[in-house]
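Take a look at the structure set out below.
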Amino acid sequence: MLLQHVSRRSFLYSLGALALAGCGGAGEQLAALASTPAPRAAGAPTPFVHPGLLHTDADFARMAAKYTTSPWSGSWNLLITNWHAQSTYVASPQDWVYRGNDGVHGENYTRLMHDVCAAYQCALRWKISGDTAYADTAVAILNAWIPLQGIGGDTNALLAAGIYGYEFANAAEIMRSYSGWAATDQANFKTMMSTKFYQICHDFLVGHNGTEWTHYWANWDLCAIASIMAIGVLCDDGAKFDEAVNYFKSGGGNGRIFKAVYYLHPGYLGQWQEAGRDQGHATLGIVLGGAICEMAWNQGVDLYGYDNNRFLAGAEYVAKSNLIQSGTTYYTVPYVTYNNVDNVNQTVFATGSQGIGRACWALVYNHYVNRMGLAAPYSKQFALVVQPEGGGLGSTSGGYDQLGLGTLTCGRDPIATGALPSGLTGYVNAGAPVLSWWGSAYATSYNVKRATVSGGPYTTIQTGITDLLTYTDTSAPTGTNYYVVTAMISGVESAVSNQATVITGKPLHTYLTFDASSGTTAADATGLGHTGTLIGGASWVAGKKNNAVSLNGSTGYVSLPANLMTDVGDFTIATWVYWNTSSNWQRIFDFGDGTGQYMFLTPRNGGGVARFAITINGGKGELGINHTAALPTGQWVHVAVTLSGNTGTMYINGASVASNTNMFHAPFRMGSTSQNWIGRSQYSDPYFNGKIDDFRIYRGALSAADVLALYNS
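Below is the structure:
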């Protein structure tokens, strides 16, 4: 079922005519950069901060100081004129809530949807104005729902438990300090949230209703994560809080931020997982992801900055792609194909609902720019477009997917000083280093500097970079190059960013000669420490060149270190193979982290041909190179695979046999990999039965002549 949205209108606007809300009350501006959560050990805080979901006491103090002045007042006026935010509001509790057609019950979830909105808005009015009439109304709504028996319907029941769960918990978190809410009622409300909302969300994340993990879109996982996190804080339940944080970081489904932000384009434009579906759902991902990050932040956990600000990369992509550049023309964004287990095969950016103005951008903008001092130009523009943000809009559920009112609740005064350029990374694509970095709040342009020695001295190789924040160094010398970036702010050059290291050329990355005759260690001849370990039925035998490793086809394989390819773009993998017995889906190598992200080479796939493939999105997302035949058995065969830019090539005995010019995934895009194996699959496929010798990984793509020379050697 598609989640509805509040509006399909496009926005025409003049940026020069709009003023943007900034951050904080008196004295907060100078402390903005110091508001980063203090580092602490992994796990839930002890004790929890209360109130500590979307808003803290410091936030409420700021709102109370600001709500009568523009632009905060615009959002406040939308609040107090909203029909939900009235002390005369009367709840409509139900014994059971149904969302989706189960063939028996009619949908009634809008009763819950409106009551949740009213509870939150009345709680907000009380907390800011001090008028207890609104507190009493909020408490009456919360208490009215304590007898809830359950949430049903079809699979869409999860959306009710997730979206309204995190929102209801936020309303209750605000009210927990109100003396008029009896302790017994509070306890009963928390029990209801844990038993009726949490359990549905937990069961969904664990089992995904029995489906393969790519079946459900990111927003399903994210609403479940948000609900579990909010209930964890409300109920002082560290296990629930940790469950949400851990899934956001490393879960199996598309709510994991690594999968929700499906592909990082140069300049950190992070293609959202639902960008090829429609923009109503893509923007919903920013609503839910932002709420998760803010709730975690207020408990001292920085999910905003996790994985080099990956959420910001997604937010900037979604914001840019839904903004009008001029007239009625939207900004264009890069796009790569997305496919899932249902073969959606989305090859182009989806324009459905493009321009939708969800009330979520003030939170994103104010955190990254006015708390952290980073540049977030497209989130900033969208915050201007939807300012002042309202909440609880319209008659469709999309208007209630977010609590909104961010201009009032998240607006902060502008930060005094921006951060340095940061998060600089680089990889090799088609032989050249491609750099990306995060900008500074007040910078007007950026300079790229390069050195051949770590720490410099650096030579400026490019100035005047504005947008996007990326640079491809086509003049980089072969070898190890060190890069930094500086910002120009009011005509003055800043200090340098972090240093990024990029190795160009075609040096060996890993070289397992397999020339040992005893033990279980396969030394890495490069000296870089990428040592192999023989596991199970793996043994030493005579090989093609000297000795080789023999794998018995049932338990034997070679394990390589974790994160073997995390900094590798272009590459070559070459080895000698002696295959004893032909069987589908054995692996020559398979590097990955389970069945979600991996790269492999098989001598024979289900179609009967040798295949190389790489994916970050499961089997249906594979990008592959297929030979026209399987590898022969009973003889030594030299096999090599290269990637240069988007062109992948397979070589057999020194000759090119297949290629694919749309291989846009490189090894580093798989992220962390803990299962890097020679002779074993990420799946429950047969182990390799045969011998492997002279296993090499190169940085960079060897040329056809290079591969032929390697074969002849």
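Heads up: the sequence shown runs through residues -19 to -1, 1 to 694, numbered per mature numbering (1 follows the signal peptide of the UniProt record, and there is no 0). Glycine included, each C-beta is placed from N, C-alpha and C at the ideal position.
Mind checking whether residue i and residue j have CB atoms under 7 Å apart?
| i | j | result |
| --- | --- | --- |
| Ile595 | His646 | yes |
| Ile144 | Cys204 | yes |
| Met44 | Ile109 | yes |
| Ala424 | Ala364 | no |
| Trp521 | Tyr559 | no |
| Pro52 | Gln368 | yes |
| Gln254 | Asn235 | yes |
| Gly281 | Gly354 | no |
| Ala142 | Ile181 | yes |
| Val622 | Ile678 | no |
| Ile127 | Asp96 | no |
| Leu401 | Ser478 | yes |
| Tyr317 | Gly407 | Rather than Tyr, the amino acid found at residue 317 in this sequence is Val. Result no, Cβ atoms of Val317 and Gly407 do not sit closer than 7 Å. |
| Asn607 | His619 | no |
| Phe41 | Val214 | no |
| Ala119 | Met156 | yes |
| Pro358 | His246 | no |
| Ser421 | Ala481 | no |
Hey, how far is the Cα of residue i from the Cα of residue j?
| i | j | result |
| --- | --- | --- |
| Phe552 | Ile273 | 37 Å |
| Gly575 | Gly599 | 9 Å |
| Tyr285 | Leu293 | 7 Å |
| Asp323 | Ala199 | 15 Å |
| Glu148 | Val549 | 42 Å |
| Thr136 | Gln75 | 19 Å |
| Gly84 | Ala682 | 57 Å |
| Gly537 | Ile673 | 12 Å |
| Tyr159 | Ala116 | 7 Å |
| Ser662 | Gly87 | 47 Å |
| Ala331 | Tyr311 | 12 Å |
| Ile61 | Ser376 | 18 Å |
| Leu582 | Tyr632 | 12 Å |
| Gly605 | Phe593 | 6 Å |
| Asp675 | Trp658 | 15 Å |
| Val329 | Ile206 | 29 Å |
| Ala543 | Ala46 | 51 Å |
| Gln362 | Asp202 | 28 Å |
| Asn527 | Trp566 | 28 Å |
| residue 704 | Val473 | Nothing in the structure corresponds to residue 704, since the chain is present only between -19 and 694. |
| Thr264 | Leu374 | 16 Å |
| His196 | Ala397 | 45 Å |
| Asn89 | Gln383 | 19 Å |
| Lys487 | Ser625 | 11 Å |
| Asn58 | Tyr70 | 18 Å |
| Ser475 | Gly436 | 16 Å |
| Arg680 | Ser208 | 44 Å |
| Asn586 | Val638 | 16 Å |
| Thr50 | Gln67 | 22 Å |
Bridge partners for residue i per DSSP, in chain order?
| i | result |
| --- | --- |
| Trp560 | Gly671 |
| Tyr319 | Gln327 |
| Thr628 | Ser625 |
| Phe41 | Paired residues: none, contrary to the question. |
| Tyr538 | Ile516 |
| Trp419 | Ser403 |
What residue does the alpha helix (DSSP H) around residue i start on, and which one ends it?
| i | result |
| --- | --- |
| Gln167 | Ala164 to Met173 |
| Tyr90 | Tyr90 to Ser110 |
| Asp571 | Where Asp571 is concerned, there is no enclosing alpha helix (DSSP H), although the beta strand (DSSP E) it sits in stretches over Phe570 to Gly573. |
| Asn462 | No alpha helix (DSSP H) contains Asn462, which is instead part of the beta strand (DSSP E) from Thr461 to Ile470. |
| Trp57 | Trp53 to Ile61 |
Considering just the uninterrupted stretch of the beta strand (DSSP E) at residue i, what are its terminal residues?
| i | result |
| --- | --- |
| His246 | Val242 to His246 |
| Ser403 | Ser403 to Asn410 |
| Arg592 | Arg592 to Thr596 |
| Met651 | Segment: none, Met651 is in no beta strand (DSSP E) and carries neither H nor E. |
| Val429 | Ser426 to Ala432 |
Does chain B have any CB closer than 7 Å to the CB of residue i?
| i | result |
| --- | --- |
| Gly420 | The chain labelled as chain B is not found in the depicted structure, where only one protein chain is given. |
Would the C-beta of residue i count as close to the ligand GTP, meaning under 6 Å from any of its heavy atoms?
| i | result |
| --- | --- |
| Ser56 | Absent from the structure shown: the ligand GTP. Ligands present: none. |
(Q) Under 8 Å, with one C-beta from each stretch per pair, do the segment 238 to 256 and the segment 295 to 313 reach the 3-pair mark? (A) yes
Q) Do the segment 385 to 401 and the segment 339 to 348 make contact, defined as three or more Cβ pairs closer than 8 Å? A) yes
Q: Determine contact between the segment 488 to 508 and the segment 462 to 480, defined as no fewer than three beta-carbon pairs at a distance below 8 Å.
A: no
Q: Give a yes or no on contact between the segment 646 to 659 and the segment 578 to 590, applying the rule of three or more CB pairs nearer than 8 Å.
A: yes
Q. Just checking, does the segment 505 to 520 make contact with the segment 439 to 448 on the three C-beta pairs under 8 Å criterion?
A. no
Q) How about the segment 96 to 108 and the segment 161 to 180: do they share at least three Cβ pairs that are nearer than 8 Å? A) no
Q) Do three or more CB pairs link the segment 216 to 229 to the segment 172 to 190 at distances below 8 Å? A) yes
Q. Using 8 Å as the Cβ pair cut-off and three pairs as the minimum, do the segment 509 to 519 and the segment 530 to 546 touch?
A. yes
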